[in-house]
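Student: Below you'll find the structure I mean.
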Amino acid sequence: MGMTMGICAAALAGALAAAPAARAAAEPAAPGGTTGLSGAGWSLKDTGKDARFRGLAAVSRSTAWVAGSKGTVLRTVDGGLTWSDVSPPAAVAGKLELRDIEAFDARRAVALSIGEGEDSRVFRTEDGGASWTETFRNPDPKAFYDCLTFFDPRHGLAMSDPVDGRFRILSTEDGGRTWRVLPGDGMPAALPGEAGFAASGQCLVSAGPRDVWLATGGGATARVLHSADRGLTWRTAESTVPAGDPAKGVFGLAFRHDGYAAQGLAVGGDYRTGQASPLAAAASADSGRTWRQADTPPPAYRSGVTWLPSHPGLRAAALAVGPTGTDVTTDAGRTWQPLAPGSFDTVSCARAPLGARAYEACWAAGEKGRVARLEPAAGH
Numbered sequence: 445m446g447m448t449m450g451i452c453a454a455a456l457a458g459a460l461a462a463a464p465a466a467r468a469a470a471e472p473a474a475p476g477g478t479t480g481l482s483g484a485g486w487s488l489k490d491t492g493k494d495a496r497f498r499g500l501a502a503v504s505r506s507t508a509w510v511a512g513s514k515g516t517v518l519r520t521v522d523g524g525l526t527w528s529d530v531s532p533p534a535a536v537a538g539k540l541e542l543r544d545i546e547a548f549d550a551r552r553a554v555a556l557s558i559g560e561g562e563d564s565r566v567f568r569t570e571d572g573g574a575s576w577t578e579t580f581r582n583p584d585p586k587a588f589y590d591c592l593t594f595f596d597p598r599h600g601l602a603m604s605d606p607v608d609g610r611f612r613i614l615s616t617e618d619g620g621r622t623w624r625v626l627p628g629d630g631m632p633a634a635l636p637g638e639a640g641f642a643a644s645g646q647c648l649v650s651a652g653p654r655d656v657w658l659a660t661g662g663g664a665t666a667r668v669l670h671s672a673d674r675g676l677t678w679r680t681a682e683s684t685v686p687a688g689d690p691a692k693g694v695f696g697l698a699f700r701h702d703g704y705a706a707q708g709l710a711v712g713g714d715y716r717t718g719q720a721s722p723l724a725a726a727a728s729a730d731s732g733r734t735w736r737q738a739d740t741p742p743p744a745y746r747s748g749v750t751w752l753p754s755h756p757g758l759r760a761a762a763l764a765v766g767p768t769g770t771d772v773t774t775d776a777g778r779t780w781q782p783l784a785p786g787s788f789d790t791v792s793c794a795r796a797p798l799g800a801r802a803y804e805a806c807w808a809a810g811e812k813g814r815v816a817r818l819e820p821a822a823g824h
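Set out below in structure tokens:
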């Protein structure tokens, strides 16, 4: 997350305005907007795969993991120049949909497959994917796990769509080696038709040692649930993102602590191709208690969102991605502007090396094996 001191949001716009001339397979420039972002920042990396990667873990500028369809997991440790196929054999054999992956470093990662009953599983590796251990297999045919998150290398949660009228939370205290279902008495009742979306690995996100948020859709309203005690008790808040249909709601969340409260971003809309999503983003300044609709939201459905790594001059910057492009905000989600076209499902940023630009460790992933890293402009 480190960046040269004194840079401001305007400098970010300039840094992302054009791709380096030597960058291979860069996304084409976006149309000019009020932010002055006249060129794309994404540099596509050839994975050699055609899987759809909805799970992404950005560890650093050099190291990232992606997880997706056909049980596929890839890892790079050289900035995307080469990718190792480290797919769990059992996931490949079962053609499982791996929709979320959380990585602690280049060797340790935990991946979640989705689906009804036993298709929902958790896999863990400690050796860079050379071997995997299945540490959880869902025994309940009524459960369908969507996302997972970790507070630190030991404590993590996974969430399932409602079972008997309440979202179900799975907990680990040993880095994903073992899991237990938390009591449901602290979880509010789900709305009729309410569920999570396993679209980007961001329907369950955490910030700090104890805070976690859960995104919903499909019900009469799209809600964000918050727990301040690692999933034991929850409170609900209505977002401004439209719902009322199984295809509509909040698809991705991003939170970070800022003083006494956490700043949050929510993106979503209607994932169906060609359907309008005019109110696809919202922001919260009070840990998700209340939400404000974006004054200028992204122009279409967005499934993934991430804060740019923190820096005094970039405290308000974030990225959102979806099938029709990438958008950037430099005012904490109040207004969004196009950054680049091109389809991505999920986006993630990690802390950059000291002295590097904050955004140099940002990655995105999506359909047809697409993975990209955000690059600085030439001469900066």
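Going by the numbering used here, the first residue of the sequence shown is number 445, and it counts up by one from there. Heads up, the beta-carbon is just placed ideally off N, CA and C, and yes, glycines get one too.
Give every residue of the same chain whose Cβ lies closer than 6 angstroms to the Cβ of Asp544, excluding the five residues on either side of it in the sequence, and list them in chain order.
Tutor: Within the sequence shown, the letter at position 100 stands for residue 544. The residues are Gly499, Leu556, Cys591, Leu592 and Gly645.
Student: Straight-line CA distance for Gly786 to Asp629?
Tutor: On the sequence shown, position 342 is the one that residue 786 refers to. On the sequence shown, position 185 is the one that residue 629 refers to. Between Gly786 and Asp629, the C-alpha separation is close to 43 angstroms.
Student: For Pro632, I'd like the list of residues in its chain whose CB is within less than 8 angstroms of its CB, leaving aside the five on either flank, ordered along the chain.
Tutor: Residue numbering aside, residue 632 sits at position 188 when the sequence shown is read from its first letter. Closer than 8 angstroms at the Cβ level, and outside the excluded window around Pro632, lie Arg610, Leu669, Trp678, Arg679 and Thr680.
Student: Does DSSP put Glu804 in a helix, in a strand, or in coil?
Tutor: For the purposes of this step, residue 804 is taken as the residue at position 360 of the sequence shown. Three-state result, Glu804: helix.
Student: Measuring only the C-alpha atoms, how far is Asn723 from Gly713?
Tutor: The residue given as residue 723 occupies position 279 in the sequence shown. The residue given as residue 713 occupies position 269 in the sequence shown. In the sequence as presented, Asn is not what sits at residue 723; that position holds Leu. Roughly 7 angstroms separates the two Cα atoms.
Student: So, are the CB atoms of Val694 and Thr660 less than 8 angstroms apart?
Tutor: Taking the first residue of the sequence shown as 1, we reach residue 694 at position 250. Taking the first residue of the sequence shown as 1, we reach residue 660 at position 216. Yes. Within cutoff.
Student: If you run the structure through DSSP and keep just helix, strand and coil, what is Gly688?
Tutor: Stepping through the sequence shown from its first residue, residue 688 is reached at position 244. Residue state, collapsed to three classes: coil.
Student: Taking the beta strand (DSSP E) that Ala762 belongs to, which residues open and close that run?
Tutor: For this step, residue 762 is matched to residue 318 along the sequence shown. First-last of the beta strand (DSSP E) with Ala762: Ala762 to Gly766.
Student: Between the beta-carbon of Cys806 and the beta-carbon of Arg817, is there less than 8 angstroms?
Tutor: On the sequence shown, residue 806 is found 362 positions in, with the first residue counted as 1. On the sequence shown, residue 817 is found 373 positions in, with the first residue counted as 1. Against a cut-off of 8 angstroms, the Cβ pair of Arg817 and Cys806 comes out as a contact.
Student: In angstroms with no decimal places, state the Cα-to-Cα distance between Ser528 and Ala511.
Tutor: Translated into the one-based positions of the sequence shown, residue 528 becomes position 84. Translated into the one-based positions of the sequence shown, residue 511 becomes position 67. When rounded, the distance between both Cα atoms is 12 angstroms.
Student: Please confirm whether Val554 and Val566 have their CB atoms less than 8 angstroms apart.
Tutor: Indexing the sequence shown from 1 puts residue 554 at position 110. Indexing the sequence shown from 1 puts residue 566 at position 122. Taking 8 angstroms as the Cβ cut-off, Val554 and Val566 qualify as a contacting pair.
Student: Just verifying my parser: in three-state terms, what is the DSSP assignment at Ala535?
Tutor: Reading the sequence shown from its first residue, position 91 is the one you call residue 535. If DSSP states are grouped into helix, strand and coil, Ala535 belongs with the helices.
Student: Do you know how far the Cα of Asp739 is from the Cα of Phe580?
Tutor: Looking up residue 580 in the sequence shown gives position 136. Looking up residue 739 in the sequence shown gives position 295. About 42 angstroms.
Student: How long is the line joining the alpha carbons of Ala466 and Ser487, rounded to whole angstroms?
Tutor: The sequence position of residue 466 within the sequence shown is 22, counting from 1. The sequence position of residue 487 within the sequence shown is 43, counting from 1. Only weak support is given to the placement of Ala466: the predicted model assigns it a pLDDT of 31, under 50, and the question is left unresolved by the model.
Student: Going by the CB atoms, is the gap between Val530 and Leu518 shorter than 8 angstroms?
Tutor: Along the sequence shown, one-based indexing puts residue 518 at 74. Along the sequence shown, one-based indexing puts residue 530 at 86. Against a cut-off of 8 angstroms, the Cβ pair of Val530 and Leu518 comes out as a contact.
Student: Which two residues bound the contiguous beta strand (DSSP E) that contains Gln707?
Tutor: Here the question's residue 707 lines up with position 263 in the sequence shown. Ala705 to Asp714 is the span of the beta strand (DSSP E), which, as asked, contains Gln707.
Student: Once you ignore the five residues that flank Arg746 on each side, which residues in its own chain have a CB closer than 6 angstroms to its CB?
Tutor: By 1-based counting over the sequence shown, the position of residue 746 is 302. Val711, Ala724, Ala764 and Gly766, listed in sequence order.
Student: Between the alpha carbons of Leu509 and Ser604, how many angstroms are there, rounded?
Tutor: By 1-based counting over the sequence shown, the position of residue 509 is 65. By 1-based counting over the sequence shown, the position of residue 604 is 160. Before going on, a small fix: residue 509 reads as Trp here, not Leu. Taking the straight line from one Cα to the other gives about 23 angstroms.
Student: For Lys812, which residues from the same chain have a beta carbon less than 6 angstroms from its beta carbon, with the 5 sequence-adjacent residues on both sides left out?
Tutor: To locate residue 812, count along the sequence shown from 1; it is residue 368. Counting only Cβ-Cβ distances below 6 angstroms, and skipping sequence neighbours, we find Asp494.
Student: Pull the bridge partners of Asp655 from the DSSP assignment, please.
Tutor: Working through the sequence shown from its first residue, we reach residue 655 at position 211. Asp655 pairs with Ala651.
Student: Alpha carbon to alpha carbon, what distance is there between Ala642 and Ala760?
Tutor: Sequence index remark: in the sequence shown, residue 760 carries index 316 (1-based). Sequence index remark: in the sequence shown, residue 642 carries index 198 (1-based). Roughly 27 angstroms separates the two Cα atoms.
Student: Put Lys812 into one of helix, strand or coil per three-state DSSP.
Tutor: Position 368 of the sequence shown holds residue 812. Helix, per DSSP.
Student: Measure the alpha-carbon distance for Ala698 versus Gly652 and round it to whole angstroms.
Tutor: Reading the sequence shown from its first residue, position 254 is the one you call residue 698. Reading the sequence shown from its first residue, position 208 is the one you call residue 652. If I take the Cα positions, the gap works out to 12 angstroms.
Student: For a quick check, are the C-beta atoms of Ala666 and Ala687 less than 8 angstroms apart?
Tutor: Position 222 of the sequence shown, counted from the first residue, corresponds to residue 666. Position 243 of the sequence shown, counted from the first residue, corresponds to residue 687. It is a contact, given that the beta carbons lie within the stated cut-off.
Student: If you measure between the beta carbons of Arg716 and Leu601, is that distance less than 8 angstroms?
Tutor: Within the sequence shown, the letter at position 272 stands for residue 716. Within the sequence shown, the letter at position 157 stands for residue 601. No, the Cβ-Cβ distance between Arg716 and Leu601 is not below 8 angstroms.
Student: Spatial neighbours of Thr577 within its chain, please: C-beta separation below 6 angstroms, excluding the five flanking residues on both sides.
Tutor: Working through the sequence shown from its first residue, we reach residue 577 at position 133. Within the same chain, Thr577 has close Cβ partners Arg568.
Student: Would you check if the distance between the CB atom of Ala706 and the CB atom of Asp775 is smaller than 8 angstroms?
Tutor: Here the question's residue 706 lines up with position 262 in the sequence shown. Here the question's residue 775 lines up with position 331 in the sequence shown. Cβ atoms of Ala706 and Asp775: not closer than 8 angstroms.
Student: Can you grab the Cα-Cα spacing for the pair Arg552 / Thr520, in whole Å?
Tutor: Indexing the sequence shown from 1 puts residue 552 at position 108. Indexing the sequence shown from 1 puts residue 520 at position 76. Computed Cα separation, rounded: 13 angstroms.
Student: Please classify Pro753 as buried or exposed, where buried requires at least 16 neighbouring CB atoms within 10 angstroms.
Tutor: Here the question's residue 753 lines up with position 309 in the sequence shown. Under this definition Pro753 is a buried residue.
Student: Count the other CB atoms, across all protein chains shown, that sit within 10 Å of the CB of Ser575; report buried if there are 16 or more and exposed otherwise.
Tutor: For the purposes of this step, residue 575 is identified with residue 131 of the sequence shown, where counting begins at 1. It counts as exposed.
Student: Could you check whether the Cβ of Ser792 sits closer than 8 angstroms to any Cβ belonging to chain B?
Tutor: The structure shown contains no chain B; it holds only a single protein chain.
Student: Excluding the 5 residues flanking Leu525 on each side, which residues of the same chain have their C-beta closer than 8 angstroms to its C-beta?
Tutor: Within the sequence shown, numbered from 1, the residue matching residue 525 stands at position 81. Closer than 8 angstroms at the Cβ level, and outside the excluded window around Leu525, lie Lys489.
Student: Which of the three DSSP states, helix, strand or coil, is assigned to Thr526?
Tutor: Along the sequence shown, read from residue 1 onward, the residue named residue 526 stands at position 82. Of the three classes helix, strand and coil, the one that applies to Thr526 here is coil, per DSSP.
Student: Could you give the DSSP three-state label for Ser513: helix, strand or coil?
Tutor: Position 69 of the sequence shown, counted from the start, is the residue given in the question as residue 513. Ser513: helix per DSSP, three-state reduction.
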